[in-house]
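Counted from 1, the sequence shown has number 154 at position 154 by our numbering; the numbering is strictly sequential.
Note that the Cβ used here is the ideal one computed from N, Cα and C, for glycine as well.
Structure record follows, encoded as structure tokens.
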Amino acid sequence: SAALDGERLAGLVNNAGIAKMGPLAIQPMEDFRAHFEVNVFGLLAMTQAFVPLLGSDAARTGPPGRIVNITSVGGRLASPFLGAYTATKHAVEAMTDTLRRELVIYGIDAIAIGPGSVKTPIWDKAEQDNTEGPYAASDWAGSLKRFEEVMLSGGRTGLTPEDIAGYIEAALSDGKPKARYAPVPDKLTNWTIPTRLPKRLLDRIFWSRFGLKKT
């Protein structure tokens, strides 16, 4: 606060997050809660702390700042085995819209960026958990392995952090930024079509892709 010398902060980027794979039916509640503590409650705590610096403190000078929340494709598309993660990202999508509609009284904008696969180590721990953890002997073990392979492949071939940084820069600096950006590799098949398909049809695609079927 002191470093700003009475001026407003230009922007806040909320990017912290965790992701642990697991079937919701048997995922430990402490794991589920941990997702919300970091991905949702932590994000809101940071936002509340910075709103005065961004524009609600009338004593500060300069243009109001912007809030950029990093969500995910999972903020709009719920995938099997990422129920906890996608639940938090759906929450962040809703919170971003709510913040934008509430903070207009201060001129503060709120923008969501929902990337697809990104080359980050976020899935490395998840791979170990599924290979060595409690789900390895579960009824979903085979499907989880297929899902894990898809996710890890996406992590190796996805967008770079620098790609995402370009969208963050646009969200913070464009004169008329979008309310939501969707930087997704192979966007037609990974975003445009899935977000428009009937849910029951999308169910069948997931079942087929990951070998999910009634035994």
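Cα-Cα separation between residue i and residue j, rounded to whole angstroms
i	j	result
R180	D31	28 Å
G107	L144	45 Å
L197	G17	28 Å
L12	R33	25 Å
G65	I168	13 Å
E93	I70	9 Å
R101	I111	11 Å
L99	A170	19 Å
M46	A2	17 Å
P52	L44	14 Å
Candidates the options: closest to residue i by CA position
i	options	result
T189	E149, V73, G107 and P63	V73
T224	K214, D139, N39 and L24	No statement about residue 224 is possible, as the shown extent of the chain runs from 1 to 215 and does not include it.
P115	A45, S208, G75 and A49	G75
D109	A78, R33, S56 and P161	S56
T160	V184, V118 and H35	V118
F41	L4, L24, A25 and T88	T88
L113	K213, K20, P183 and G22	A small correction: the amino acid at residue 113 is Ile; Leu does not occupy that position in the sequence shown. Closest option to I113, Cα to Cα, is P183.
S173	V68, K187, R200 and W191	V68
N14	G22, M29, A25 and F50	F50
G154	T86, D186 and A78	D186
Beta-carbon proximity list for residue i, same chain, < 8 Å, skipping 5 on both sides
i	result
E7	R60, T61 and G62
A141	Y135
Cross-strand partners of residue i (DSSP beta bridge)
i	result
A110	I67
G22	L82
R180	A112
N14	N69
L99	L99 is not bridged to any residue.
E7	T61
V118	L159
Same chain, Cβ closer than 6 Å to residue i, five either side skipped, listed in chain order
i	result
A10	G65
P177	I111 and A171
Q27	none
Own chain, CB closer than 7 Å to residue i, minus 5 neighbours either side, in chain order
i	result
F210	P80, S143, R146 and F147
Alpha helix (DSSP H) runs wholly inside the stretch 130-158, at least 4 long, in chain order: 141-157
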